[in-house]
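Following: one structure in structure tokens, then a few remarks.
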Amino acid sequence: MKKILLSMISCILMILLIVSIISYKCSLSVTPLTNFQPFLTQYSQDSLNKDIIKENLPTIDASVAFYPLASKIVENIYSSKNYTNELNWVSTAEAYENIVNGEVDALIVSGPSKEQMELIKNSNKKLKFVPFTKEALIFYVNANNIIDTLTIEEIQKIYLGKYHEDITTYQLEKNNGSQTCFESIVENNTIDENHIEIKDMVTIIKSVAYDKNSLAYAFNSFYTKVCNSSKLKLISINGVEPTKENILTEKYPLLYDIYFVYDEENSNQNLKIIEEWLLSEEGQNFIKNL
5 MKKILLSMIS CILMILLIVS IISYKCSLSV TPLTNFQPFL TQYSQDSLNK
55 DIIKENLPTI DASVAFYPLA SKIVENIYSS KNYTNELNWV STAEAYENIV
105 NGEVDALIVS GPSKEQMELI KNSNKKLKFV PFTKEALIFY VNANNIIDTL
155 TIEEIQKIYL GKYHEDITTY QLEKNNGSQT CFESIVENNT IDENHIEIKD
205 MVTIIKSVAY DKNSLAYAFN SFYTKVCNSS KLKLISINGV EPTKENILTE
255 KYPLLYDIYF VYDEENSNQN LKIIEEWLLS EEGQNFIKNL
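Under this note's numbering, the first residue of the sequence shown is numbered 5, with each subsequent residue one higher.
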């Protein structure tokens, strides 16, 4: 009888453990970028479907963080009938390499790093950078972390190794778009080596979800579109939450220009049409309402 009872208890504990693991994994949901491809019916409700460009559709590389945004733009102004995967997502570093090498017509990216600026300079390409929206660099922690707000000075101290609390800090590899923006916060000082460097944001998001003492950063549009987890929480910077209103009104302090980039010597006239639409009242309202 005792063996049967112990066996039953063991089975119950195993079931509870499995349920706990499943529940935990369900609370961390990362939406694959393939779900944001242009002209997928379930993601098309926000588009105006103007079909401004019906032929000779420019090829565009969007950095991973801005692929959902770029997809909405393409979905709105490209003809769905003639669209044949002209939009792709790549790393920021790959995007700049591709446009310099003439492999793509345009980019939707954050600003270049020093190395990328040097690459452009050496290529003799006449790239035009059109700032058309601003993006917030947000910081987030594990939901069980006691941190709710940090000042920019505190972030600098943490990442420069001058803040001796038990905090696991994550960062992206150099020349990643959000990493370039982050480095501007620490004013290009030598970042402490005791950080965990990971190549992509999704892996960092998953890591923070399992580490209660962790701190990381990402572009807001990527985090809010792709990540859905009760295991994470956004923190305020200088006492300002990264809400949509605070970002649009520029109350949130960590904002960076996002660019439409193309070679001015490119013969595709539709590039200028895209630029004009992005800067138009209609285009600006469309982007703000996404």
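The beta carbon of each residue, even a glycine, is placed where N, CA and C say it ideally should be.
{"Asked": "At 3 residues or longer, and completely inside the stretch 128–181: list those beta strand (DSSP E) runs for me, N to C.", "Found": "131–146, 172–176"}
{"Asked": "Give me, in chain order, the residues of the same chain whose beta-carbon lies closer than 8 Å to that of Asp215; leave out the 5 immediate sequence neighbours on both sides.", "Found": "Asn146, Thr172"}
{"Asked": "So, helix, strand or coil for Ile291, using DSSP?", "Found": "helix"}
{"Asked": "Using only the alpha-carbon positions, how far apart do Asn86 and Lys276 sit?", "Found": "19 Å"}
{"Asked": "Counting beta carbon pairs with one atom in the stretch 204–212 and one in the stretch 113–121, are three or more of them shorter than 8 Å?", "Found": "no"}
{"Asked": "From the DSSP output, in three-state form, read off Tyr256 for me.", "Found": "coil"}
{"Asked": "Are at least three pairs of beta-carbons, each pair with one atom in the stretch 226–234 and one in the stretch 127–136, less than 8 Å apart?", "Found": "no"}
{"Asked": "Is it right to say Pro36 is buried, meaning 16 or more other beta carbons lie within 10 angstroms of its own, or is it exposed?", "Found": "exposed"}
{"Asked": "Let's test the definition: count the other Cβ atoms within 10 Å of the Cβ of Glu187 and tell me whether it reaches 16, buried, or not, exposed.", "Found": "buried"}
{"Asked": "Counting C-beta neighbours from all protein chains within 10 Å, is the total for Leu236 16 or more, i.e. buried, or is it exposed?", "Found": "buried"}
{"Asked": "Under the rule that 16 or more other beta-carbon atoms within 10 Å means buried, what is Gly181, buried or exposed?", "Found": "buried"}
{"Asked": "Check each candidate in Leu91, Asp109, Ser67 and name the one with the smallest Cα separation from Ala97.", "Found": "Ser67"}
{"Asked": "Rounded to the nearest angstrom, what separates Cys30 and Gln175 at their Cα positions?", "Found": "Low per-residue confidence applies at Cys30: pLDDT is 41, beneath 50, and the placement is therefore not dependable enough to give any value."}
{"Asked": "The beta strand (DSSP E) with Asn86 in it runs from where to where?", "Found": "Counting along the chain, Asn86 falls outside any beta strand (DSSP E), and DSSP gives it neither H nor E."}
{"Asked": "Among the residues of its own chain, which have a CB less than 8 Å from the CB of Asn217, if the five just before and after it don't count?", "Found": "Asn146, Asn149, Asp170, Ile171, Thr172"}
{"Asked": "By how many angstroms is the C-alpha of Ile77 removed from the C-alpha of Asn289?", "Found": "12 Å"}
{"Asked": "Would a C-beta distance cut-off of 8 Å place Tyr100 and Ile124 closer than the cut-off?", "Found": "yes"}
{"Asked": "What do you get for Thr38, buried or exposed, if any count of 16 or more other CB atoms within 10 angstroms of its CB means buried?", "Found": "exposed"}
{"Asked": "Let me make sure I understand the geometry here. Which of Phe43, Lys255, Asn272 has the alpha-carbon closest to that of Glu59?", "Found": "Asn272"}
{"Asked": "Which term fits Glu79, buried or exposed, when burial requires 16 or more other beta carbons within 10 angstroms of its beta carbon?", "Found": "buried"}
{"Asked": "Taking the straight line between their C-alpha atoms, what separation do you get for Ala213 and Leu111?", "Found": "31 Å"}
{"Asked": "State yes or no: is the C-beta of Ile56 within less than 8 Å of the C-beta of Val108?", "Found": "no"}
{"Asked": "Please classify Phe226: does DSSP put it in a helix, a strand, or coil?", "Found": "helix"}
{"Asked": "If the criterion is Cβ atoms closer than 8 Å, does the pair Phe264 and Leu282 meet it?", "Found": "yes"}
{"Asked": "Do you know offhand how far Tyr256's Cα is from Cys185's?", "Found": "15 Å"}
{"Asked": "Here's the rule: buried if 16 or more other CB atoms are within 10 angstroms of the residue's CB, otherwise exposed. What is Ile278?", "Found": "buried"}
{"Asked": "When burial is assigned at 16 or more other CB atoms within 10 Å of the CB, is Pro72 buried or exposed?", "Found": "buried"}
{"Asked": "Determine which residues share a DSSP beta bridge with Trp93 and list them.", "Found": "Ala66"}
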